[in-house]
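Read through the structure below, which is laid out as structure tokens, and then see the notes.
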Amino acid sequence: MNLIRAKSIGKGWDLKLGELARIWKGGCIISAVFFDRIEKAYDRNPDLPNLLVDPEFAKEIIDRQFSGRRVVCLAINPGISTPGTFLFSELDTSHGLVYIQWRKVSII
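In this text, residue positions in the sequence shown follow my numbering: the first is 153, and each later residue adds one.
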């Protein structure tokens, strides 16, 4: 949704992201309940910059953060690729709700 929002702003499309969620839930294999939640988030704040800053989405992500981190650790230890680790860099709550800072990491 964030990418669609950015392109909409850049192109002057004035897309209503809540309305997009409502339309998509009609013919999508993703649970319609999830799209209802997206639609409600944009109804609460049509200028929402990112779903991660919506209070309800943020609370759920923070509440489930431990389980997500545990899954990532279980995958990393035996060397399984885990693209989901990026989510946790965005949700480093010690630096604020949405935080991204790339750091050089030594893996050797």
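Where a beta carbon is used, it is the ideal one built from N, C-alpha and C, also for glycine.
Beta-carbon gap between residue i and residue j smaller than 8 Å
i	j	result
Asn202	Asn154	yes
Ile213	Leu200	no
Trp176	Phe187	yes
Distance between beta carbons of residue j and residue i, contact taken as under 8 Å
i	j	result
Ile190	Ala173	4 Å
Residue of the options minimising C-alpha distance to residue i
i	options	result
Lys192	Gly178, Gly179 and Leu169	Leu169
Glu208	Gly231, Tyr194 and Cys225	Tyr194
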